[in-house]
Structure formats: C-alpha cells, structure tokens
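Asks:
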Amino acid sequence: MNSEISERVLRTWSAPDSTFHDSFPAELGILLDTFPTAVKAAIEKLDRKITDLHEVYIQRGRRPEAIYADEQGNTVRRFLSEHQCSADDIELFRGFFEGGDGITAQKRKGINGTLHRIALITHPNRTPQIVIGVTARIGRVVRGTVEAMMMPLISDIGRKSLLLVGRPGVGKTTVLRELARLLSDDMSLNVVVVDKTCEIAGDGDEPHSAIGSARWMPVGAHVAQAEIMREAVENQSPHVIIVDEISKPEEVEAARTIAQRGVQLIATVHGRTLPELINCRERGTLVGGQHTVTLSGPEAERRSDKRKSVQKRIREPVFGCALELHERDRWIWHENVQRAVDYYFEGEILDAQELSRGKAVAVAAIPGEDNLFH
1 MNSEISERVL RTWSAPDSTF HDSFPAELGI LLDTFPTAVK AAIEKLDRKI
51 TDLHEVYIQR GRRPEAIYAD EQGNTVRRFL SEHQCSADDI ELFRGFFEGG
101 DGITAQKRKG INGTLHRIAL ITHPNRTPQI VIGVTARIGR VVRGTVEAMM
151 MPLISDIGRK SLLLVGRPGV GKTTVLRELA RLLSDDMSLN VVVVDKTCEI
201 AGDGDEPHSA IGSARWMPVG AHVAQAEIMR EAVENQSPHV IIVDEISKPE
251 EVEAARTIAQ RGVQLIATVH GRTLPELINC RERGTLVGGQ HTVTLSGPEA
301 ERRSDKRKSV QKRIREPVFG CALELHERDR WIWHENVQRA VDYYFEGEIL
351 DAQELSRGKA VAVAAIPGED NLFH
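According to UniProt numbering, the sequence shown is numbered sequentially starting from 1.
Next up, the structure:
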C-alpha cells in the first residue's frame with residue numbers, strides 16, 4: 001500500500017524501546033557453535049550488526065554470506081569470507097539431522113532451546129541425499145515492538161480476529177510471539193498457539209518463554225496444520241488461537257471453522273497488501289471471497305466507473321481487522337476488514353492508519369487497477 005500521507009496525526013503514545021530477550025546471546029552462541037570455525041569467527045566480528053543478523057547462507061562453491069538488516073530495516077548481504085565453502089563445511093550440518101526422522105520432506109529443523117532454524121539444500125539426483133547448501137535463520141525475541149507500534153489498538157485485538165499480511169522476513173512471526181505473550185498475561189483468556197513450522201515457540205520439547213503462558217501445539221508435518229487447528233478448538237477450549245502462515249485451502253477452511261465457533265483468530269499470510277489477498281483464489285475466502293454481480297442501470301450510474309458487471313463480497317470475512325507489515329517501523333492498520341473489502345470493490349477511497357513508533361497517522365487508500373491500494 002503506497003499511500004500518500006497527509007500528516008493528520010490521529011494519536012500519539014509513549015513508545016517503549018524494543019529490547020532483546022535476555023536469552024538471546026546464549027541462544028545465538030548455540031547456533032554459532034554449529035558453524036565452521038572460520039564462519040563463526042567472521043560472524044562474531046560483525047560486532048553490533050550481529051543483533052540484526054537475519055540469516056547465514058552457506059553453499060558448496062560459494063562464499064558464505066550473512067544477511068542482516070541495516071538501520072532503516074533494509075536487507076543487506078555481506079560476504080563472511082573470501083574463500084568458497086567446501087563439502088566438509090556443509091557436512092557439519094548433516095549430522096544435525098541424523099537420528100530421529102533424519103532429513104524430513106521440509107528439510108528444516110529447529111535448534112532445541114532456541115528459536116533458530118536450519119534449512120538444508122539437497123541435490124535431487126543423488127542417493128543418498130547430498131547436502132549442498134545450508135540456510136540458518138536466526139530467531140529472536142524482540143519485546144516492546146507491539147506496544148511501540150500499536151499500543152492504543154491492543155484492546156481492539158483482544159476483541160476481534162486479526163490478520164497480519166506481509167512479505168517473508170518483515171517480522172510477522174515476531175508480532176505473533178508478542179501478541180501471544182501479551183494476551184496470555186490476561187488470566188481470563190486461554191490463548192493457544194498452533195505452531196506450523198515451530199518458529200513461534202521453537203522446536204524443543206518445551207515452548208520458548210517468548211509466548212508467555214500461552215498453550216503450545218506444534219504441528220510437525222505441514223499437511224497437519226488444518227487438523228491441529230481444529231483439534232485446538234475441540235480439545236483446548238480456547239478464547240484465542242494464534243496461527244502462523246495460512247496458505248492451503250484446508251487451512252483456510254479450518255480458519256472459517258474457528259471463526260464460526262466464536263473463537264478469536266490471529267493469523268499471518270504472505271503478501272503485500274489486503275487487496276492482493278482479496279484477489280487470491282485460495283486465500284480470498286479469509287476476507288469474504290468474491291463473485292461477479294450484474295448491476296441495474298441506476299446502480300451502475302451511481303458508480304464512478306459506471307460498470308454494470310462488478311465484483312462483490314460473498315460472505316462475512318473470517319477476520320475483523322487487518323495489519324499490513326510493510327517495513328520494520330511502518331504498518332498499515334485496517335480497523336474493519338469487511339468495510340475495506342466492500343470499499344475496494346466499489347472503487348471508493350478507504351480511510352486507514354499508518355502506524356509508526358508512537359504515532360498513528362490517517363491515510364487515504366485508493367483502489368488501483370493493479371489490485372493494490374495507492
């Protein structure tokens with residue numbers, strides 16, 4: 001959503017500093033100990049940038065890379081060595097997957113006691129599988145982000161289902177962890193986390209403390225997420241269910257089931273904007289779906305585009321409100337998803353809020369032909 005902002009400030013608040021969980025240095029050390037010695041030493045020399053480290057990428061015949069965020073939150077790649085990685089460097093990680101289920105179909109695994117994740121790249125034409133690359137994703141608990149970005153809106157989230165929309169790596173899972181912790185602090189709420197990839201609360205036998213006192217239901221195989229979502233409703237008597245990455249039709253249907261049971265749902269989807277989701281065949285149902293309607297002559301005349309064949313929302317959206325995460329410190333808040341969808345189909349200007357640290361500014365969202373608000 002590329003909104004032109006007229007600086008009409010709606011509200012301001014005291015924004016707390018975002019801080020890392022006390023366990024971050026020790027948990028990062030656990031991850032670094034899995035790397036080749038030279039790569040570990042190079043990462044440690046990143047100094048202050050190490051706190052913004054997002055991924056480490058290692059592949060045979062390539063120089064190892066660190067991927068981190070700069071002060072503006074932009075992604076930066078940096079080579080960690082002038083030397084190319086060898087097969088021996090890569091094989092260090094194969095042992096990490098030995099035992100248990102070995103290399104699973106997802107080819108990724110968390111590190112016990114942390115929020116980090118190791119993903120393997122394997123050669124498809126080798127038996128047994130040859131590991132040719134590794135991506136290590138750094139998980140961290142950043143506290144204070146939600147309060148800084150949307151303190152006055154947290155009470156709304158406690159009453160309506162919330163959908164988080166954003167591209168990979170923009171911070172959706174971090175927000176889920178914070179919301180799990182904040183909502184579970186309310187002892188009148190039973191909060192359940194359905195953890196599709198074990199990124200919200202880690203891959204150990206016990207959930208990471210980042211989610212507070214929320215109940216934790218790890219999914220394991222991706223195909224099981226819809227089943228675990230239903231299991232959470234039927235067996236845990238939840239007030240709130242938190243889900244990361246709804247993508248498949250059966251997961252969309254499970255989300256509808258949760259909403260029909262009167263349970264609040266907080267979930268994420270990949271995308272850039274709410275209109276992009278509206279026009280997604282598989283996930284559009286989350287925001288009400290759409291079908292083609294033929295208008296009468298007078299109805300068409302009342303539209304700015306005069307069209308008689310138009311799209312309309314089919315049903316009530318699963319989610320009451322939505323949050324587009326564009327950058328680390330720039331979010332767009334849609335207070336009423338149903339109204340936003342209807343305005344989009346009508347071609348009408350929609351009021352939204354741009355959130356930054358300690359400030360909410362009114363923005364005008366104008367539907368465009370590219371399925372985005374401008």
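Ideal placement from N, C-alpha and C gives every residue a C-beta, glycine not left out. Because the structure is a prediction, the values reported are computed rather than measured.
(1) Please classify Asp22 as buried or exposed, where buried requires at least 16 other C-beta atoms within 10 Å of its C-beta.
(2) I think Val269 touches Leu163, with their Cβ atoms under 8 Å apart; what is that distance to the nearest whole Å?
(3) Put Gln106 into one of helix, strand or coil per three-state DSSP.
(4) Since Asn190 and Gln236 are thought to touch, with beta carbons under 8 Å apart, how far apart are those beta carbons, to the nearest angstrom?
(5) Use the C-beta contact count for Leu355: other C-beta atoms within 10 angstroms, 16 or more gives buried, fewer gives exposed.
(6) Are the CB atoms of Gly288 and Gln338 within a distance shorter than 8 Å?
(7) Please classify Gly29 as buried or exposed, where buried requires at least 16 neighbouring CB atoms within 10 angstroms.
(8) Ignoring anything shorter than 4 residues or poking outside the stretch 20-92, list the alpha helix (DSSP H) runs there in chain order.
(9) Spatial neighbours of Trp216 within its chain, please: C-beta separation below 6 Å, excluding the five flanking residues on both sides.
(10) Under the DSSP definition of a beta bridge, which residues are partnered with Gly202?
(11) Taking Arg357 as the reference, which of Ala148, Asp88, Arg159, Ala232 has the closest Cα?
(12) Leaving out five residues on either side along the sequence, give the residues of the same chain with a beta carbon under 6 Å from the beta carbon of residue 395.
(13) Nearest-angstrom Cα distance between Val341 and Ala136?
(14) State the beta-bridge partners of Gly166 as determined by DSSP.
(15) With a 10 Å radius around its C-beta and 16 neighbouring C-beta atoms as the bar for buried, classify Val240 as buried or exposed.
(16) From Arg302 to Leu286, what distance separates their C-alpha atoms?
(17) Considering only C-alpha positions, which residue in the set Met151, Pro128, Val134 is nearest to Ile121?
(18) Taking 7 Å as the limit between beta carbons, can you name the residues of its chain near Ala42, skipping five residues before and five after?
(19) Which first and last residues belong to the beta strand (DSSP E) in which Met150 is found?
(20) Could you give the distance in angstroms between the alpha-carbon of Glu65 and the alpha-carbon of Ile90?
(21) Are there 16 or more other CB atoms within 10 angstroms of the CB of Ser188, so buried, or fewer, so exposed?
(22) I'd like to check one pair, Glu44 with Gly166: are the Cβ atoms closer than 8 Å?
Replies: Reading off the structure:
(1) Here the question's residue 22 lines up with position 22 in the sequence shown. Per the 10 Å Cβ criterion, exposed.
(2) The count along the sequence shown starts at 1 and reaches residue 269 at position 269. The count along the sequence shown starts at 1 and reaches residue 163 at position 163. The Cβ separation is near 7 Å, so the contact holds.
(3) On the sequence shown, position 106 is the one that residue 106 refers to. Coil at Gln106, not helix or strand.
(4) As a first step, residue 190 must be located in the sequence shown, where it is residue number 190. As a first step, residue 236 must be located in the sequence shown, where it is residue number 236. Indeed they touch by this definition, with Cβ atoms about 7 Å apart.
(5) Locating residue 355 in the sequence shown gives position 355, where the first residue counts as 1. Burial call: buried.
(6) As a working mapping, residue 338 is identified with position 338 in the sequence shown. As a working mapping, residue 288 is identified with position 288 in the sequence shown. Cβ atoms of Gln338 and Gly288: closer than 8 Å.
(7) As a working mapping, residue 29 is identified with position 29 in the sequence shown. Counting Cβ neighbours within 10 Å, Gly29 comes out exposed, since fewer than 16 surround it.
(8) 24-32, 37-44
(9) Residue mapping note: residue 216 aligns to position 216 of the sequence shown, counting from 1. Once the five neighbours on either side are set aside, the close Cβ partners of Trp216 are Val193, Ala201, Pro207.
(10) Locating residue 202 in the sequence shown gives position 202, where the first residue counts as 1. Answer by DSSP bridge pairing: none, since Gly202 is not bridged.
(11) Along the sequence shown, one-based indexing puts residue 357 at 357. Arg357 has its Cα closest to that of Ala148, out of Ala148, Asp88, Arg159, Ala232.
(12) Given that the chain is displayed from residue 1 to residue 374, the structure contains no residue 395 and the question cannot be resolved.
(13) Here the question's residue 341 lines up with position 341 in the sequence shown. Here the question's residue 136 lines up with position 136 in the sequence shown. Cα to Cα, the separation comes out at about 38 Å.
(14) In the sequence shown, counting from the first residue as 1, residue 166 sits at position 166. According to DSSP, Gly166 bridges with His270, Leu325.
(15) Along the sequence shown, one-based indexing puts residue 240 at 240. So Val240 counts as buried.
(16) By one-based count along the sequence shown, residue 302 stands at place 302. By one-based count along the sequence shown, residue 286 stands at place 286. When rounded, the distance between both Cα atoms is 29 Å.
(17) The residue given as residue 121 occupies position 121 in the sequence shown. Of the candidates Met151, Pro128, Val134, the one whose C-alpha sits nearest the C-alpha of Ile121 is Val134.
(18) Position 42 of the sequence shown, counted from the first residue, corresponds to residue 42. Around Ala42: Leu80, Ser81.
(19) Translated into positions along the sequence shown, residue 150 becomes position 150. Where Met150 is concerned, there is no enclosing beta strand (DSSP E), although the alpha helix (DSSP H) it sits in stretches over 145-150.
(20) To locate residue 65, count along the sequence shown from 1; it is residue 65. To locate residue 90, count along the sequence shown from 1; it is residue 90. One C-alpha to the other measures close to 14 Å.
(21) As a first step, residue 188 is located in the sequence shown; it is residue number 188 there, counting from the start. Exposed, because fewer than 16 other Cβ atoms sit within 10 Å of the Cβ of Ser188.
(22) By one-based count along the sequence shown, residue 166 stands at place 166. By one-based count along the sequence shown, residue 44 stands at place 44. Contact flag unset, no.
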